[in-house]
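Written below as structure tokens is the structure these notes are about.
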Amino acid sequence: MSARHDRVSEIFLDVCDREPGQRDARLQVLCGSDLALRREVELLLQHDETRDAGSDVRTLDVASAGTANTPVATPGRIGPYEITGTLGEGGMGIVYDARQPHPQREIALKVLRPSACSATTHERFRREAEILGRLAHPGIAQVFEAGIASTSAGPVPYLAMEKVAGTPLLAFCRQARLTLRQRLRLFVETCDAVHHAHQRGVIHRDLKPANILALRDASAAVRTKVLDFGVSYLTDADARLTISQDRSGLLGTLAYMAPEQLSGQAPPDIRLDVHALGVLLFELLTDAHPYDIHGRGLADALHILRTQEPRSATQFDPRLRGDLSTILATALARDPARRYTSVAAIATDIRRYLEDRPIVARPSRAVYLLWKFARRHRTIVSVATLSVMLLVAVAVVASLQAVRATRAELDVRLRTVALEHALAVAEDARSTAEQNEGQAREVTGFLKEMLHSVSPEQLGRGRALEDMLAEAGRRLASTLADQPLTRADLHETIASAYASLGAYDNSAPYSREALRLYETHGARWSAGWFRSAALAARIELHTGDIQDAADRLRTLHAESLRELGATHRETRAILFARIEAEARSGAFRRARELLNTVLQSDDRGGDAPKYLVHALVQLGRVHRLEKRLPEAQELFATAVDTARDRFGAEDPRTLAALRGLAKTLAEAGDVAVAEPMLVEALEVSRARHGADRPVTLDLMTALGEVRWEYGRYADAREVLTESLAMHRDVRGVRHWRTQRTMVLLGRVFRDQGRFDEALSLFDELLQVRTETRRADHPSIQRVRVHIATVLCRQGRLDEAQALCESAYAQIVAYFGHGHPDTIWYAKTLADWYRLSGELDAARDLAQAALIDCIEARGVERPLTHSLQHCLALIERDRGGVVEAERLMRNAFEARQAMQGPCARQTRASRKALTALLRLRGAAKDADVQIVAEPCAAPQSPAAGEFRCELLESE
Amino acid sequence: MVTPTSDPLFSESEANDGWDAFYERLRLIAQRAFRSERRDHTLQPTALVHEAFVRLAQHEGVDWNDPKRSLGIAAQAMRRVLIDHARRRNTLRRGGEALRTALRDDVADTPLDLTRLVALDEALLKLAGLHARQARVVELRLFGGLSVEESASVLDVSERTVKGDWRVAQAWLRKELA
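Residue numbers (the working numbering), protein chains in the order written: chain A, 1 to 954; chain B, 955 to 1132.
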């Protein structure tokens, strides 16, 4: 509380309604000589808009606007219709009994409250009404006309509808004691009507028993009619809940809503109607609601609807076991992606059931097979074994399905799993089933098959998965003591799942334990052992000693070729892990050779296309790293074509190849093609796979990178900020893709002069990497150089130089001389020394690095050209213009030949060479061409920033 | 057309009356909040209400038939939901005409501009530090859609006090957000 504010308020209220003349005098009295106080009051008075409107006549009352309590007198006539009575009254309007003069007939006239349909929506109202008019189906109550009538109360929108004298479907079935098959036939009829509307683009969104009436036609046959189609459109989603119309109240509406509709993230979708019809079918078959909400309070019921799985229909009627149960489960699936995609599909399945043919719907394949398997082995496999494995399986499966689920739903799911587990263990205590390791391993093998069939592209919600894995790990620790190989398999599974999230520190103990278990129980050389060993090596690669990891993977590759054969899945996985290690340890040539063997292999069956595309993409990346941009471009283009051909244009693998192609094009200077390509791919991916899927995230980050490279910082920041937020949520901060996005966004911040934001990102990244990796790991040194570039821009030159020197020293200690990373850092440091005027130190360092580079890697390597470029500038500063020109010309020509005329590095060398030629004042004829810039140049950094730019971009 | 009879399944849920009243109230506030952004399909007003509803449901031990307690909590829940939504939309620009109009007296007819809500929320926090009751009055009336009378009842003060608080707070917030 502020006494000062109290005083200001008091004076303000005292004077606010006074005439201006009086007010001044009063203020003089109340404020006296305290001018600050008076100024404060006057400032408030300036912002007091109420004053002009008179005193307290206008009161605020939101609740009175358009609620059902507003009495409306029954009018005699609305538009051309004569009102004869009232049929009902609802939250969004009143339904009158009315008579139409031409043609003469009784109709139901739905009059919307003015508040439910404001003036701005009138146009839309007309348009939608026109669409509704086109719905002509015997199972849909026809809309004859929609219009806006002028009344004394202003314009009133109305709908003239077919008047249906029927009974709500459920009540009708009960009263008429219809059999199961009769009920199903009525349901199918209803589905046909709803499908008719869907085909014309109209979704009901408020299907419930109250809206589906049954009646007997002239021949006494039973027919159904769906009411209120499209009313939700006309009145908009927010006004559609017809709370007081049917006495079942709010819950009567909510009870038919799909979970995604209740959690508020649902765009209008056919699957909302599918779900509602599923609830209806459940009730038709069981006379109960799929969720246990009967007799509960609204809050309770809502909680159940939002969080629980629907009940099984078989608990009400054992006859429903089998197909009908499956149809219900598919229609009611909480995840819309697993639901029937059309109402026609439900109808088809029910017709098939009625004709005793097999139905199309199957439960989610993995879970379905899992349960089948579990049931088959129930007597053999110990319940504890099964439940632990189920926990792991469900953890993974649930997290896959949870990509669109809310956190709360996930937590509930997790608790459900834990509960099931507890029950199972309790049951196990009583069980006398023999514990048969062979059988248990069969189960494990099955589960692993299932889990490994899940591609990393499907992984989502990293943190939630981590939580569940931790839970699974804790439980695993205390069970299965007598089944070491099952334990080994499960440890390996958990380790893989952690690693896929970038949680290497959590993964390592599990993979070590798995290895130990395999080895001490005679399962060395098994597929599981190879997988664990490869995983351990990959963890080493990402967090520890890169050369050791590469050595280990080379050995493993040879062993797996010998033990498992070249086409075994594990051998292939190890091969790709090895290729990655070769590339990271600087052995690009070896990586290329290995990839070429994959491409030249005759094996084209089974999984081969997958590996082929993978190899093309990887090879493209190696070429891009080596700056052979035309070759990289060619490879990515082939990968795109192959993937499109084998998997389809919208497949994640095709989109990933496209991303590689776009990034290569951008680096080669063809941003005009690259950017729209990424934008389009991103749109496709969002629409086809969802905004939070890994493939979409990768495309977003790539788009940000391309925009940054071309100086479009604001656009880059926008897309990268969004991408990073999603990355944090979906993949977690330890995932390398998340970290890559952090680096890119940090650079954008830096280049926009937002140094604090840049530093805060880089500091966070440094901390995460320090926590999870060996202190001298190269990935940590990279971050320190990023930080140095920001410090440089801030003018903190000494700090920046110290960081670069320390990073260089660490890298030398880690890789030794001659490694490309070491050379890159040497070049960076040499640039730095040159900029600081320490030209001798700069030259010594750069020359030594150049010699290392040529010895280790040959003259055609891009790093050689970078060093030539670097040395040229050093020579120039030392006054050796002729030598500088020679070196720069070398760098420029080599880069132009290798990367193309407009590549980033080619442009940098061209620019520097041009400056050198001007400096010499003697541009020869041949040089004129060099001077002419042939490329659409991106926005270059401001002059003052250029020197810091050098630290990184060259 | 026949007005359908109720489904017997739900007719026993008598305890819902208080909730229904809330629901209706929240719905109107949400409707108002969304009138200004029809093209946004990421969150519908109904969904917003559901979210507020779910938050309300998490308050244990509240007698929903006691309007004093429950109206206040409803207003808080709505504020949180709207602000969260606005934050999610990442539209954090401050100031501007829309918010100032949102603070006019005839709130019922004026769209709440979500893009300004975050700024408003922050200003309200600041006001709460100066004068907690004035901030409460704004929360109840703006986010809870309560009338002067209802606000007075919730806060256990006279209607005159509520009107005074409301007027000072409005001027102060407009000044703050100008």
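The beta-carbon is built from N, C-alpha and C at its ideal position, and this holds for glycine as well.
Since the structure is predicted, the reported quantities are computational estimates derived from the model, not experimental observations.
Distance, Ala-313 (chain A) Cα to Ala-129 (chain A) Cα:
For the purposes of this step, residue 129 (chain A) is identified with residue 129 of the first sequence, where counting begins at 1. For the purposes of this step, residue 313 (chain A) is identified with residue 313 of the first sequence, where counting begins at 1. Between Ala-129 (chain A) and Ala-313 (chain A), the C-alpha separation is close to 39 Å.
So with Cβ pairs under 8 Å, would you call Phe-12 (chain A) a contact of chain B?
Counting from one through the first sequence, the residue named residue 12 (chain A) turns up at place 12. Yes, contact with chain B.
Backbone CA spacing between Arg-38 (chain A) and Ala-3 (chain A) [nearest angstrom]
Numbered from its first residue, the first sequence carries residue 38 (chain A) at position 38. Numbered from its first residue, the first sequence carries residue 3 (chain A) at position 3. For Arg-38 (chain A) and Ala-3 (chain A), the gap between their C-alpha atoms comes out near 15 Å.
For chain A, find out if any of its Cβ atoms is closer than 8 Å to the Cβ of Ser-1112 (chain B); answer yes or no.
As a working mapping, residue 1112 (chain B) is identified with position 158 in the second sequence. It does not: the Cβ of Ser-1112 (chain B) has no partner Cβ on chain A nearer than 8 Å.
Is the beta carbon of Ala-884 (chain A) less than 8 Å from the beta carbon of Ala-872 (chain A)?
Within the first sequence, residue 884 (chain A) is the residue found at index 884, counting from 1. Within the first sequence, residue 872 (chain A) is the residue found at index 872, counting from 1. It is a contact, given that the beta carbons lie within the stated cut-off.
Rounded to whole angstroms, what's the CA-CA distance from Val-671 (chain A) to Glu-162 (chain A)? Just pull it up for me.
Locating residue 671 (chain A) in the first sequence gives position 671, where the first residue counts as 1. Locating residue 162 (chain A) in the first sequence gives position 162, where the first residue counts as 1. Rounded to whole angstroms, Val-671 (chain A) to Glu-162 (chain A) spans 59 Å at the Cα level.
Proximal residues to His-204 (chain A) (C-beta, below 6 Å), its chain only, five neighbours per side dropped
Indexing the first sequence from 1 puts residue 204 (chain A) at position 204. Phe-229 and Asp-273.
For my contact list, Tyr-518 (chain A) and Arg-524 (chain A) are in at a C-beta cut-off of 8 Å; report their separation, rounded to the angstrom.
Locating residue 518 (chain A) in the first sequence gives position 518, counting from the first residue. Locating residue 524 (chain A) in the first sequence gives position 524, counting from the first residue. Between Arg-524 (chain A) and Tyr-518 (chain A) the Cβ distance is about 6 Å, and since that is below 8 Å, they are a contact.
At 7 Å on the CB atoms, spell out the chain B contacts of Ser-685 (chain A), in chain order.
Residue 685 (chain A) sits at position 685 when you count from the first residue of the first sequence. Within chain B, no residue has its CB atom less than 7 Å from the CB of Ser-685 (chain A), the nearest being about 18 Å off.
Span of the alpha helix (DSSP H) holding Lys-1117 (chain B)?
Your numbering for residue 1117 (chain B) matches position 163 in the second sequence. Annotation for Lys-1117 (chain B): the continuous alpha helix (DSSP H) segment containing it runs 1113-1131.
Residue ranges of each alpha helix (DSSP H) within the region 566-636 of chain A, 4 or longer
When DSSP assignments are scanned along the region 566-636 of chain A, the uninterrupted stretches of alpha helix (DSSP H) that are 4 or more residues long and fall wholly within it turn out to be 569-584, 588-600 and 608-625.
Mind checking Asp-756 (chain A): buried by the 16 CB within 10 Å criterion, or exposed?
Numbered from 1 along the first sequence, position 756 holds the residue referred to as residue 756 (chain A). Of the residues assessed, Asp-756 (chain A) falls on the exposed side of the cut-off, its CB having fewer than 16 other CB atoms within 10 angstroms.
For Glu-650 (chain A), I'd like the list of residues in its chain whose CB is within less than 6 Å of its CB, leaving aside the five on either flank, ordered along the chain.
Here residue 650 (chain A) is taken as the residue at index 650 of the first sequence, counted from 1. Result list for Glu-650 (chain A): Val-684 and Arg-688, in chain order.
Three-state class that DSSP yields for Pro-509 (chain A) in the structure shown:
Position 509 of the first sequence, counted from the start, is the residue given in the question as residue 509 (chain A). In the structure shown, Pro-509 (chain A) sits in a helix (DSSP, three-state: H, G or I).
Contact set for Thr-772 (chain A): own chain, Cβ-Cβ below 7 Å, skip 5 residues either direction:
Along the first sequence, one-based indexing puts residue 772 (chain A) at 772. Only Tyr-504, Asp-505, Thr-543 and Arg-734 meet the Cβ criterion.
What number of angstroms, rounded off, separates the C-alpha of Leu-850 (chain A) from the C-alpha of Glu-631 (chain A)?
As a working note, residue 850 (chain A) is residue 850 in the first sequence. As a working note, residue 631 (chain A) is residue 631 in the first sequence. For Leu-850 (chain A) and Glu-631 (chain A), the distance between alpha carbons rounds to 25 Å.
Counting beta carbon pairs with one atom in the region 328-339 of chain A and one in the region 275-288 of chain A, are three or more of them shorter than 8 Å?
At 8 Å Cβ cutoff, the stretches touch.
Quick check on the burial criterion: 16 or more other C-beta atoms within 10 angstroms. Buried or exposed for Ser-760 (chain A)?
If you number the first sequence from 1, residue 760 (chain A) lands on position 760. That one is exposed.
So Leu-1084 (chain B) contacts chain A; which residues on that side make the cut at Cβ distance below 7 Å?
Start at 1 with the first residue of the second sequence, and residue 1084 (chain B) comes out as number 130. Here the neighbours are Ser-2 and His-5.
Between Gln-142 (chain A) and Asp-17 (chain A), what straight-line distance do the alpha-carbon atoms span, to the nearest angstrom?
Numbered from its first residue, the first sequence carries residue 142 (chain A) at position 142. Numbered from its first residue, the first sequence carries residue 17 (chain A) at position 17. When rounded, the distance between both Cα atoms is 58 Å.
At a CB distance below 7 Å, what residues from the region 566-586 of chain A approach chain B? Give them in sequence order.
Within the region 566-586 of chain A, no residue has a Cβ that lies closer than 7 Å to any Cβ of chain B.
8 Å is my cut-off, CB to CB: does Gly-1169 (chain B) come that close to chain A?
No answer is possible for residue 1169 (chain B): the residues shown for chain B start at 955 and end at 1132.
On the DSSP bridge assignment, give the partners of Leu-213 (chain A) in chain order.
On the first sequence, residue 213 (chain A) is found 213 positions in, with the first residue counted as 1. Leu-213 (chain A) is bridged by DSSP to A:Pro-168 and A:Lys-225.
Measuring straight from C-alpha to C-alpha, what distance separates Glu-1130 (chain B) and Val-783 (chain A)?
Within the second sequence, numbered from 1, the residue matching residue 1130 (chain B) stands at position 176. Within the first sequence, numbered from 1, the residue matching residue 783 (chain A) stands at position 783. Take the alpha-carbon of Glu-1130 (chain B) and the one of Val-783 (chain A): they are about 41 Å apart.
Inter-residue spacing [alpha-carbon to alpha-carbon] between Thr-983 (chain A) and Asp-551 (chain A):
A question about residue 983 (chain A) goes unanswered here, because the residues of chain A that appear run from 1 up to 954.
Just to confirm, is the Cβ distance from His-786 (chain A) to Gly-818 (chain A) under 8 Å?
One-based indexing of the first sequence puts residue 786 (chain A) at position 786. One-based indexing of the first sequence puts residue 818 (chain A) at position 818. Contact flag unset, no.
What residue range is occupied by the uninterrupted alpha helix (DSSP H) comprising Phe-282 (chain A)?
Indexing the first sequence from 1 puts residue 282 (chain A) at position 282. Per DSSP, the continuous alpha helix (DSSP H) segment holding Phe-282 (chain A) begins and ends at 270-286.
For Ile-140 (chain A), which residues of its own chain have a beta-carbon under 6 Å away from its beta-carbon, when the five flanking residues on both sides are left out?
Stepping through the first sequence from its first residue, residue 140 (chain A) is reached at position 140. Closer than 6 Å at Cβ, skipping near neighbours: Ala-193, Val-226 and Phe-229.
Beta-carbon of Cys-16 (chain A) versus every beta-carbon of chain B: anything under 8 Å?
Translated into the one-based positions of the first sequence, residue 16 (chain A) becomes position 16. Judged by the 8 Å Cβ criterion, Cys-16 (chain A) is in contact with chain B.
Assuming Phe-144 (chain A) is part of the beta strand (DSSP E), what are its boundary residues?
The residue given as residue 144 (chain A) occupies position 144 in the first sequence. Residues 143-151.
Run down chain B in chain order and give the residues with a C-beta less than 8 Å from the C-beta of Leu-43 (chain A).
For this step, residue 43 (chain A) is matched to residue 43 along the first sequence. Those within 8 Å of Leu-43 (chain A) in chain B are Lys-1129.
Helix, strand or coil at Leu-791 (chain A) according to DSSP, with G and I counted as helix
The residue labelled residue 791 (chain A) in the question sits at position 791 within the first sequence. DSSP, reduced to helix, strand and coil, places Leu-791 (chain A) within a helical segment of the structure shown.
State the start and end residues of the unbroken alpha helix (DSSP H) segment that holds Glu-883 (chain A).
Locating residue 883 (chain A) in the first sequence gives position 883, counting from the first residue. Where Glu-883 (chain A) is concerned, the enclosing alpha helix (DSSP H) starts and stops at 881-899.
Closest Cβ-Cβ distance between Arg-1090 (chain B) and chain A: below 8 Å?
Indexing the second sequence from 1 puts residue 1090 (chain B) at position 136. Interface criterion not met: the Cβ of Arg-1090 (chain B) is under 8 Å from no Cβ in chain A.
Just to confirm the assignment: which complete alpha helix (DSSP H) runs, minimum length 4, are found wholly within the region 300-344 of chain A?
Runs found: 323-331.
Outcome for Val-29 (chain A) when other beta-carbon atoms lying within 10 angstroms are tallied against a minimum of 16
Locating residue 29 (chain A) in the first sequence gives position 29, counting from the first residue. Exposed, since its Cβ has fewer than 16 Cβ neighbours within 10 Å.
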